[in-house]
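Chains U and P, in that order, give the protein sequences. Residue numbers 0 to 93, in numbering that gives the first Met the number 0, belong to the letters of the first sequence in order. Residue numbers 0 to 270, in numbering that gives the first Met the number 0, belong to the letters of the second sequence in order. The beta carbon of each residue, even a glycine, is placed where N, CA and C say it ideally should be. Fair warning: this is a prediction, and the values are worked out from it, not measured in the lab. Have a look at the structure below before the remarks.
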Amino acid sequence: MSLLDLFRKSKPPTVAAQAKERLQIVLAHERSGRDSPDFLPALQQELLAVIKKYVNIDDDKVAVKLERESGCSMLEVNVELPGPAKRGTVATIN
Amino acid sequence: MAKIITMTSGKGGVGKTTSSAAFGTGLALRGFKTCIIDFDVGLRNLDLIMGCERRVVFDFINVINGEARLSQALIKDKRVENLYILPTSQTRDKDALTPEGVGKILDELKKEFDYILCDSPAGIERGALMALYWADHAIIVTNPEVSSVRDSDRILGVIQAKSRRAELGLEPVKEHLLVTRYDPERVEKGEMLKVEDVLEILAIPLLGIVPESPAVLKASNVGMPVVLDDKSNAGLAYADAVGRFLGETIEHRFIKPEKKGFLDRLLRRTA
Numbered sequence: 000m001s002l003l004d005l006f007r008k009s010k011p012p013t014v015a016a017q018a019k020e021r022l023q024i025v026l027a028h029e030r031s032g033r034d035s036p037d038f039l040p041a042l043q044q045e046l047l048a049v050i051k052k053y054v055n056i057d058d059d060k061v062a063v064k065l066e067r068e069s070g071c072s073m074l075e076v077n078v079e080l081p082g083p084a085k086r087g088t089v090a091t092i093n
Numbered sequence: 000m001a002k003i004i005t006m007t008s009g010k011g012g013v014g015k016t017t018s019s020a021a022f023g024t025g026l027a028l029r030g031f032k033t034c035i036i037d038f039d040v041g042l043r044n045l046d047l048i049m050g051c052e053r054r055v056v057f058d059f060i061n062v063i064n065g066e067a068r069l070s071q072a073l074i075k076d077k078r079v080e081n082l083y084i085l086p087t088s089q090t091r092d093k094d095a096l097t098p099e100g101v102g103k104i105l106d107e108l109k110k111e112f113d114y115i116l117c118d119s120p121a122g123i124e125r126g127a128l129m130a131l132y133w134a135d136h137a138i139i140v141t142n143p144e145v146s147s148v149r150d151s152d153r154i155l156g157v158i159q160a161k162s163r164r165a166e167l168g169l170e171p172v173k174e175h176l177l178v179t180r181y182d183p184e185r186v187e188k189g190e191m192l193k194v195e196d197v198l199e200i201l202a203i204p205l206l207g208i209v210p211e212s213p214a215v216l217k218a219s220n221v222g223m224p225v226v227l228d229d230k231s232n233a234g235l236a237y238a239d240a241v242g243r244f245l246g247e248t249i250e251h252r253f254i255k256p257e258k259k260g261f262l263d264r265l266l267r268r269t270a
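Written out as structure tokens, the structure reads:
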């Protein structure tokens, strides 16, 4: 190490540090997928069937997702209803 | 009460069979009657690492299918008292393993042995699932390298979902981390994940750190479990891991670069 190095900016992260960061990100994603219950697609299908009995909606206008935060889980159901006007109405049930 | 230990990793080539041979031999050296079973049907290698490849007559699959008795398939180690190997078939495939068939053999072994060590194949398919299904303990073999750590995390998820203990809602399988091929010099240079980083990511108790060592290849060349090489760091690290498994408090060693002598430094030699 030369004397000049002392005055340079802090070093870039080591490759090991990059490995750790990449692992933490990819595993956080994979673990959340692993824990998500597999009833969600079925729930979406059934909700769609119930709503269709009353309102004529497109199959792809229902979105169901489960979000986890510390301590609580939130099931979010978004249904886009065809409104009388041109604009669609979005009903959100939390 | 006999305990079933599964040596697993998800990823291949990280040292499962080397570790099974060393750890199983280590348990037997401590006086526990131990049987190591090769679950890698079709890719048999435990026999070669243990140096008993010329003594295989019947195998695990023969016993499951009722073609041979367990006592005919078990190979007694010639060096270490209390140590037995149950080789697998080289010709059949993993479909030969069934939960009931494996369970029956393990029950029979449990009457005779203190520890039954299942050497899992790589992957998360049938062979690996059969090796971990009956486990009481799982030793996760991990290299300080991204794909190995990711696969270890994946296999931990499989253990927590698909083992017998998980299915029946019993006390969970006890998980232990065994880091192998650790190179303290590369860690110090920032080229390799630190054991602390691997531990932080996988969050399971650390059983041992086996340093990268030429002794491992030398031992496998001659069919000797590396734990019998008590001059080598890797061998000593495995012996330490066995002690920790049995509840002893043993400090981790071989995790700092070895100090270089004056001449080495002068000549800037590298390992």
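Comparing the C-beta of P:Asp-150 with each C-beta of chain U, is any distance below 7 Å? On the second sequence, position 151 is the one that residue 150 of chain P refers to. Not one chain U Cβ lies under 7 Å of P:Asp-150.
Applying the criterion that 16 or more other CB atoms from any shown protein chain within 10 Å of the CB defines a buried residue, is U:Ala-48 buried or exposed? As a first step, residue 48 of chain U must be located in the first sequence, where it is residue number 49. Per the 10 Å Cβ criterion, exposed.
Return helix, strand or coil for P:Asn-220, following the three-state DSSP convention. The count along the second sequence starts at 1 and reaches residue 220 of chain P at position 221. Of the three classes helix, strand and coil, the one that applies to P:Asn-220 here is helix, per DSSP.
How many Å lie between P:Leu-216 and P:Gly-234 at the Cα? Within the second sequence, residue 216 of chain P is the residue found at index 217, counting from 1. Within the second sequence, residue 234 of chain P is the residue found at index 235, counting from 1. Cα to Cα, P:Leu-216 sits roughly 12 Å from P:Gly-234.
Enumerate in chain order the residues of its own chain whose CB-to-CB distance from P:Asp-46 is below 6 Å, with the five nearest sequence positions on each side excluded. Mapped onto the second sequence, residue 46 of chain P falls at position 47. Closer than 6 Å at the Cβ level, and outside the excluded window around P:Asp-46, lie Glu-52, Val-55, Pro-86.
Smallest Cα separation from P:Asp-92: which of P:Lys-255, P:Phe-59, P:Asp-182? Position 93 of the second sequence, counted from the first residue, corresponds to residue 92 of chain P. The shortest Cα separation from P:Asp-92 among P:Lys-255, P:Phe-59, P:Asp-182 belongs to P:Phe-59.
Buried versus exposed call for U:His-28 [16 or more other C-beta atoms within 10 Å across all chains shown]: The residue you call residue 28 of chain U lines up with position 29 of the first sequence. With fewer than 16 other Cβ atoms within 10 Å, it is exposed.
For P:Val-186, list the residues DSSP reports as bridge partners. Along the second sequence, one-based indexing puts residue 186 of chain P at 187. Paired residue(s): none; P:Val-186 is not in a bridge.
Going straight from the alpha carbon of U:Ile-50 to that of U:Ile-56, what length do you get? Within the first sequence, the letter at position 51 stands for residue 50 of chain U. Within the first sequence, the letter at position 57 stands for residue 56 of chain U. Using only the alpha carbons, I get a separation of about 8 Å.
Start and end of the alpha helix (DSSP H) containing P:Pro-210? Translated into positions along the second sequence, residue 210 of chain P becomes position 211. Element bounds for P:Pro-210: not the alpha helix (DSSP H) but the beta strand (DSSP E), 205-210.
Would you decide whether U:Lys-31 is buried or exposed? Buried here means 16 or more other CB atoms lie within 10 Å of its CB. Position 32 of the first sequence, counted from the first residue, corresponds to residue 31 of chain U. Checking the displayed sequence, the identity of residue 31 of chain U turns out to be Ser instead of Lys. Its Cβ having fewer than 16 others within 10 Å, U:Ser-31 is exposed.
Can you tell me whether P:Lys-2 is helix, strand or coil according to DSSP? Locating residue 2 of chain P in the second sequence gives position 3, where the first residue counts as 1. The answer is strand: DSSP assigns P:Lys-2 an E or B state.
By Cβ distance, which residues of its chain are closer than 6 Å to P:Pro-183, with the 5 residues on each side in sequence left out? As a first step, residue 183 of chain P is located in the second sequence; it is residue number 184 there, counting from the start. Closer than 6 Å at Cβ, skipping near neighbours: Ile-254, Lys-255, Pro-256.
Hey, quick one: how far does the alpha helix (DSSP H) through P:Ser-70 stretch, first residue to last? Along the second sequence, one-based indexing puts residue 70 of chain P at 71. 69-72 is the span of the alpha helix (DSSP H), which, as asked, contains P:Ser-70.
P:Ile-203 and P:Val-194 closer than 7 Å at C-beta: The sequence position of residue 203 of chain P within the second sequence is 204, counting from 1. The sequence position of residue 194 of chain P within the second sequence is 195, counting from 1. Not closer than 7 Å, so no.
Would you give the residue range spanned by the beta strand (DSSP E) that P:Met-129 belongs to? On the second sequence, residue 129 of chain P is found 130 positions in, with the first residue counted as 1. Premise fails: P:Met-129 lies in the alpha helix (DSSP H), 125-132, not in any beta strand (DSSP E).
Suppose the cutoff is 8 Å on Cβ atoms and the five residues either side in sequence are ignored; what does the same chain contact list for P:Ser-18 look like? Taking the first residue of the second sequence as position 1, residue 18 of chain P is located at position 19. Answer for P:Ser-18: Met-6, Ile-138, Val-140, Leu-177, Thr-179, Val-209, Tyr-237, listed in chain order.
List, in chain order, every chain P residue whose beta-carbon is nearer than 7 Å to that of U:Gln-23. Along the first sequence, read from residue 1 onward, the residue named residue 23 of chain U stands at position 24. What U:Gln-23 touches in chain P: Ile-200.
For P:Pro-213 versus P:Thr-24, is the C-beta distance shorter than 7 Å? For the purposes of this step, residue 213 of chain P is taken as residue 214 along the second sequence, with counting starting at 1. For the purposes of this step, residue 24 of chain P is taken as residue 25 along the second sequence, with counting starting at 1. It is not a contact, given that the beta carbons lie outside the stated cut-off.
Counting only Cβ-Cβ distances shorter than 9 Å, please list the residues of the segment 187-198 of chain P near chain U, keeping chain order. Lys-188, Gly-189, Glu-190, Met-191, Leu-192, Lys-193, Asp-196, Val-197
Should the segment 33-50 of chain P be regarded as contacting the segment 78-85 of chain P, the criterion being three or more beta carbon pairs within less than 8 Å? yes
is_contact[P:Gly-14, chain U] using C-beta, thresh 7 Å: In the second sequence, counting from the first residue as 1, residue 14 of chain P sits at position 15. Taking Cβ atoms only, chain U never reaches closer than 7 Å to P:Gly-14, which makes this a no.
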